[in-house]
Structures are given as C-alpha cells and as structure tokens.
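**Q**
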Amino acid sequence: GAVVSQHPSRVICKSGTSVKIECRSLDFQATTMFWYRQFPKQSLMLMATSNEGSKATYEQGVEKDKFLINHASLTLSTLTVTSAHPEDSSFYICSALDPRDYPYEQYFGPGTRLTVT
Amino acid sequence: AQSVTQPDIHITVSEGASLELRCNYSYGATPYLFWYVQSPGQGLQLLLKYFSGDTLVQGIKGFEAEFKRSQSSFNLRKPSVHWSDAAEYFCAVGAPLNFGNEKLTFGTGTRLTIIP
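So the protein lines, in turn, are chains C and Z. Residue 81 in the working numbering sits at position 81 of the first sequence, and the numbers go up by one each step. Residue 116 in the working numbering sits at position 116 of the second sequence, and the numbers go up by one each step.
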C-alpha cells in the first residue's frame with residue numbers, strides 16, 4: 001500500500017524561530033498533498049492543499065505567510081511554521097493523493113508534534 | 001458545503017461486545033464516505049470507504065459500515081471488539097466532483113474505550 005512519512009515526528013522550538021516539517025510519499029508520486037492541524041482531542045482541520053509545481057491553496061483563516069508550504073517535487077511537500085509562537089503548538093498531519101487509486105484516496109502520514117516554548 | 005456529525009464523543013464498550021459508531025453527513029449529492037482510526041499520537045489509518053455500489057462496506061480489522069441515503073448516515077459497526085480497538089475514530093466525507101483535488105471534511109471524532 002501507499003506509504004507517507006513525516007519528519008520529524010516531534011520537534012520543540014523556541015518562540016520566534018521557524019521550523020520545517022517534511023512530508024514524503026515513499027512509493028508513489030503525489031501531485032496533491034494536504035496539510036492538517038489537529039488540536040488535542042479534536043478533529044483534523046484542513047490547512048492547505050499543496051499541488052506540485054504551483055502555489056498552495058490555503059483554507060480560510062489560515063495565514064499563508066505564517067505557514068509556508070512548498071511542494072517542490074512529486075514526492076515531497078514541506079510545511080514551514082515561521083516565527084512560531086506557543087499557540088502554534090499542535091499536531092500537524094499531512095496526507096497525499098495516490099493517483100493510481102480511483103477514486104483518489106488520501107494516505108496519511110504519522111504526524112508531527114510541534115511544541116513551541 | 002459538506003459537513004459530518006459524530007454525535008458520540010466517547011463510547012465505552014466491554015471487550016467482546018458489539019460496537020456501533022454513528023456518523024451523519026450533509027452533502028447535496030452522494031458523497032464519498034470514509035472511516036479512519038487514529039491511535040494516540042499517530043496518524044490516521046483508513047478502515048473503509050464508500051463511493052458507490054453495495055451500501056454495506058467491509059473494511060479492515062473486522063469493521064463494516066452501512067450507507068443509508070435516506071438517513072444520511074454511514075455508521076461503523078463491529079460484531080465483537082478487541083482491546084486493541086481502543087482508539088479515536090473519525091468519519092469523513094469527500095466531494096466526488098472534484099477529482100484529483102479531494103478535500104475531506106472530518107467529524108469531531110468518537111473516542112472508544114474498551115473495558116475488560
């Protein structure tokens with residue numbers, strides 16, 4: 001089956017610094033990836049849709065200058081949280097569409113726990 | 001816009017007992033429906049999905065779900081739960097008209113606790 005990885009699995013950073021999270025499709029090429037945010041004991045909220053070679057589409061209320069998304073290749077999308085603050089602490093999960101499936105199915109990464117101190 | 005409601009925030013079931021988790025959706029046409037399971041601190045694993053055809057869908061780990069259009073429901077069932085089934089369960093709906101750019105809307109989740 002399709003596998004999606006995320007790195008790092010956990011990261012702690014100081015307030016004001018930036019942190020990058022990587023999302024990789026390991027055995028397929030993903031033209032579309034998604035980034036979600038999940039607060040403790042809550043559901044997943046879609047932050048943005050990332051398409052290879054084009055700008056990401058952000059959901060309403062998500063600051064594009066704060067959450068920079070780059071989908072530079074068919075197997076890698078990155079989310080950079082810029083000038084992080086404690087309120088950015090959350091669980092970030094990515095998913096990728098496998099175009100070999102029909103209808104397309106999202107495969108999820110294991111998530112990244114971000115803690116901003 | 002589509003939406004998903006999972007009315008039960010937390011359910012406790014005895015090991016070996018049957019399980020039903022409820023999911024209601026709102027969408028103008030027949031949606032794509034999914035059930036995912038999430039263990040603590042982990043990503044999501046797909047249990048099953050419905051796109052069309054037979055309304056009773058079989059998934060992994062002994063789970064099944066039934067699509068009922070008249071009730072706008074897609075409830076998840078398992079005849080006999082195991083302690084390893086303790087986790088968070090999410091129902092999700094996707095819009096089938098946007099191929100290649102599916103956006104999923106998730107319910108708020110149901111936390112399942114298994115007691116001996």
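Every residue, glycine too, gets a C-beta built ideally from N, C-alpha and C.
Relative to the alpha-carbon of S80 (chain Z), which residue among Z:F51, Z:S3, Z:A17, Z:F63 has its alpha-carbon at the smallest distance?
**A** Z:A17
**Q** So is E105 (chain C) in contact with chain Z if we call contact Cβ pairs under 8 Å?
**A** yes
**Q** Using Cβ-Cβ distances below 9 Å, what residues of the segment 17 to 47 of chain C are close to chain Z?
**A** Identification of residues in the segment 17 to 47 of chain C having a C-beta nearer than 9 Å to some C-beta of chain Z yields T31, T32, F34, Y36, Q38, K41, Q42, S43, L44, M45, L46, given in sequence order.
**Q** By how many angstroms is the C-alpha of C23 (chain Z) removed from the C-alpha of I9 (chain Z)?
**A** 11 Å
**Q** Please confirm if L104 (chain Z) has its CB atom under 8 Å from at least one CB of chain C.
**A** yes
**Q** So is T49 (chain C) buried or exposed if we call it buried at 16+ other beta carbons inside 10 Å?
**A** buried
**Q** Please tell me whether P8 (chain C) has its Cβ less than 8 Å away from any Cβ of chain Z.
**A** no
**Q** Going by the CB atoms, is the gap between S18 (chain C) and V81 (chain C) shorter than 8 Å?
**A** yes
**Q** Which same chain residues, not among the five before or five after T105 (chain Z), have their C-beta less than 7 Å away from its C-beta?
**A** Q2, S3, V4, A92, V93
**Q** Which stretch, first to last residue, makes up the beta strand (DSSP E) that contains Q29 (chain C)?
**A** Run containing Q29 (chain C): none; DSSP gives neither H nor E here.
**Q** What are the boundary residues of the beta strand (DSSP E) that Y107 (chain C) is part of?
**A** 105 to 108
**Q** Determine, using beta carbons only, whether R100 (chain C) comes closer than 8 Å to chain Z.
**A** no
**Q** Quick one: list the residues of chain Z neighbouring T194 (chain C), beta-carbon separation under 8 Å, in chain order.
**A** The shown model of chain C, from 1 to 117, leaves out residue 194 (chain C), and the question about it has no answer.
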